[in-house]
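Right, one structure below, let's go through it.
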Amino acid sequence: PPLHVSHILSRENSKEKTPLISPIDYQFWIKRMMTSMEGMVEKGVLDDIIRRLLEGRGGKQVQLSESEIRQLCFNARQIFLSQPNLLELHAPIRICGDIHGQYQDLLRLFEYGGYPPSANFLFLGDYVDRGKQSLETICLLLAYKIRYPSKIYLLRGNHEDAKINRIYGFYDECKRRFNVRLWKIFTDCFNCLPVAALIDDKILCMHGGLSPELDNLNQIREIQRPTEIPDSGLLCDLLWSDPDQKIEGWADSDRGISCTFGADKVAEFLDKNDLDLICRGHQVVEDGYEFFAKRRLVTIFSAPNYGGEFDNAGALLSVDESLVCSFEIMKPATASSSGHPLKKVCSSAEILKFAEKIGFSVRS
Numbered sequence: 001p002p003l004h005v006s007h008i009l010s011r012e013n014s015k016e017k018t019p020l021i022s023p024i025d026y027q028f029w030i031k032r033m034m035t036s037m038e039g040m041v042e043k044g045v046l047d048d049i050i051r052r053l054l055e056g057r058g059g060k061q062v063q064l065s066e067s068e069i070r071q072l073c074f075n076a077r078q079i080f081l082s083q084p085n086l087l088e089l090h091a092p093i094r095i096c097g098d099i100h101g102q103y104q105d106l107l108r109l110f111e112y113g114g115y116p117p118s119a120n121f122l123f124l125g126d127y128v129d130r131g132k133q134s135l136e137t138i139c140l141l142l143a144y145k146i147r148y149p150s151k152i153y154l155l156r157g158n159h160e161d162a163k164i165n166r167i168y169g170f171y172d173e174c175k176r177r178f179n180v181r182l183w184k185i186f187t188d189c190f191n192c193l194p195v196a197a198l199i200d201d202k203i204l205c206m207h208g209g210l211s212p213e214l215d216n217l218n219q220i221r222e223i224q225r226p227t228e229i230p231d232s233g234l235l236c237d238l239l240w241s242d243p244d245q246k247i248e249g250w251a252d253s254d255r256g257i258s259c260t261f262g263a264d265k266v267a268e269f270l271d272k273n274d275l276d277l278i279c280r281g282h283q284v285v286e287d288g289y290e291f292f293a294k295r296r297l298v299t300i301f302s303a304p305n306y307g308g309e310f311d312n313a314g315a316l317l318s319v320d321e322s323l324v325c326s327f328e329i330m331k332p333a334t335a336s337s338s339g340h341p342l343k344k345v346c347s348s349a350e351i352l353k354f355a356e357k358i359g360f361s362v363r364s
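In structure tokens:
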């Protein structure tokens, strides 16, 4: 559903504020912590963290220590800043949309697509908020990123922003299970996430969409990090904008922030930059995927039964070496299956048949 910035701000102003660390004290504390934790976590320790997280099926909380989570944030931050803001990746790769703290569905995604490092993954952002297990979700993804930095890639979504996740659940989860300082450390990590990826020079991936300020890909490369998400401009649009089949050109967004764009703007941008496809998340779509602009843009959403309020499926987009794309669909988990070992919704034969039916190539 639409997120209205005015609604967010009014809720912020009406809520009783929990005193936070002052900016000066916080920056000093972060610097001190990073100095004392410069080294990367040992592989054995990291493997144990991943093992414990993967055992967290059935909705039970995974017991990680605050120091372990801090180490994940600091090490992941170093890796994010060592890699470009516009990631340049190669197929084969699997692309996942919004997760929103639905940790059990993240585990299902890995069962579908293979656990790292057996497959390459790109996640399009929105790891936290709304779901019940944002901490497990982001910790597993950060742990995998540190363990296999060239096999799994994480982009920033609009919920990897303190202004948003302060309201929609992640702040409260951090405060309830640990403390506000840990939420601040996550904020510092999120501010370093890359914002877009380019697959084999043909598929452009981001969380939100296009911007009237975006003419070429070098503009994305030049965005400086770490950074907060501004209320307008290129970075804001990359994380917030939406396609709209009812319009041509650009229009104001019902979300109260950023803009919407028509199919003509998709074609114009792709043609100008010699690209074939835009892959983005950010919106709930009934089948887990939805095409726009004559299949030149696709929305991927990977949180089935989103928030327990929607009857949507989730999708995983696979891109093979020839840039042939196919989808694997996750239907909402039934109540009877919760708490039991996760099973594929479809048999491999059914998945192949379905993938063949809706498969498409971005190369003419």
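Residues in the sequence shown are numbered consecutively from 1, following full-length UniProt numbering.
All C-beta atoms in this analysis are idealised placements derived from N, C-alpha and C, irrespective of residue type, glycine included.
Using only CA atoms, which one of the options lies nearest to residue i?
i	options	result
Asp-161	Lys-145, Trp-183, Trp-250	Trp-183
Met-40	Ser-67, Val-62, Pro-304, Ala-76	Ala-76
Leu-270	Gly-281, Val-324, Gly-44, Asp-215	Asp-215
Glu-309	Glu-328, Pro-332, Ser-318, Val-324	Pro-332
Trp-240	Gln-83, Glu-68, Leu-124, Ala-119	Leu-124
Ser-253	Tyr-115, Cys-174, Gln-133, Gly-208	Gly-208
Val-319	Ile-247, Ile-95, Tyr-168	Ile-95
Asp-200	Ile-49, Tyr-103, Lys-43, Ile-93	Ile-93
Val-180	Arg-166, Phe-190, Leu-193	Arg-166
Leu-155	Arg-147, Phe-178, Ile-220, Glu-213	Ile-220
residue 386	Leu-64, Asn-158, Phe-80	In the structure as shown, the chain begins at 1 and stops at 364. Residue 386 is therefore absent and cannot be evaluated.
Tyr-304	Gln-102, Gly-233, Arg-177	Just to set this straight, residue 304 is Pro in the shown sequence, not Tyr. Of the listed residues, the one whose Cα sits closest to Pro-304 is Gln-102.
Ile-223	Lys-175, Leu-107, Asn-85	Asn-85
Contact check, residue i vs residue j under 8 Å by CB: the rounded distance?
i	j	result
Asn-70	His-100	What sits at residue 70 in the sequence shown is Arg, not Asn. Not a contact, Cβ separation roughly 23 Å.
Phe-110	Ser-134	About 17 Å separates the two Cβ atoms, so there is no contact after all.
Ile-185	Cys-259	The Cβ separation is near 32 Å, so there is no contact.
Phe-190	Glu-66	18 Å between Cβ atoms; not a contact.
Leu-210	Phe-261	5 Å
Looking at the strands, I want to know which residues DSSP matches up with residue i.
i	result
Ile-152	Phe-121
Asp-98	Phe-301
Trp-250	Phe-261
Phe-327	Leu-317
residue 365	Shown here, the chain extends from 1 to 364; a query on residue 365 therefore has no answer.
Tyr-289	Ile-300
Glu-88	Leu-198
Met-40	Looking at the DSSP assignment, Met-40 forms no beta bridge with any residue, so it has no partner.
Cys-279	Cys-205, Val-298
Which residues in the same chain have their Cβ closer than 7 Å to the Cβ of residue i, if we skip the five residues on either side of it in sequence?
i	result
Leu-53	Val-62, Glu-136, Cys-139, Leu-140, Ala-143
residue 368	Nothing about residue 368 can be reported from this structure: the residues present for the chain run from 1 to 364 only.
Leu-46	Ala-143, Ile-146, Arg-147
Glu-173	Ser-134, Leu-135
Ala-335	Note that Ala-335 has pLDDT 44, beneath the 50 cutoff, so the model's placement of it is unreliable and no number is given.
Compute the distance between the beta-carbons of residue i and residue j, then report whether it is under 7 Å.
i	j	result
Tyr-289	Val-298	yes
Tyr-112	Glu-328	yes
Asp-237	Glu-248	no
Pro-149	Ile-50	no
Excluding the 5 residues preceding and the 5 following residue i in the sequence, name in chain order all residues of the same chain whose CB lies nearer than 6 Å to its CB.
i	result
Leu-285	For clarity, residue 285 is Val in the given sequence; the question names Leu instead. Taken in chain order, the residues that qualify are Thr-299, Phe-301.
Asp-231	none
Lys-151	Pro-116, Pro-117, Asn-120
Between which residues of its own chain and residue i is the CB-CB distance below 8 Å, once the five residues before and five after are set aside?
i	result
Gly-339	Only weak support exists for where Gly-339 lies, its pLDDT of 33 falling under 50; the value from the coordinates is given anyway. Answer for Gly-339: Arg-57, Gly-58, Gly-59, listed in chain order.
Leu-235	Val-195, Ile-223, Thr-227, Ile-229
Cys-205	Ile-95, Leu-122, Leu-124, Leu-155, Ala-196, Ala-197, Leu-198, Ile-199, Ile-278, Cys-279, Arg-280
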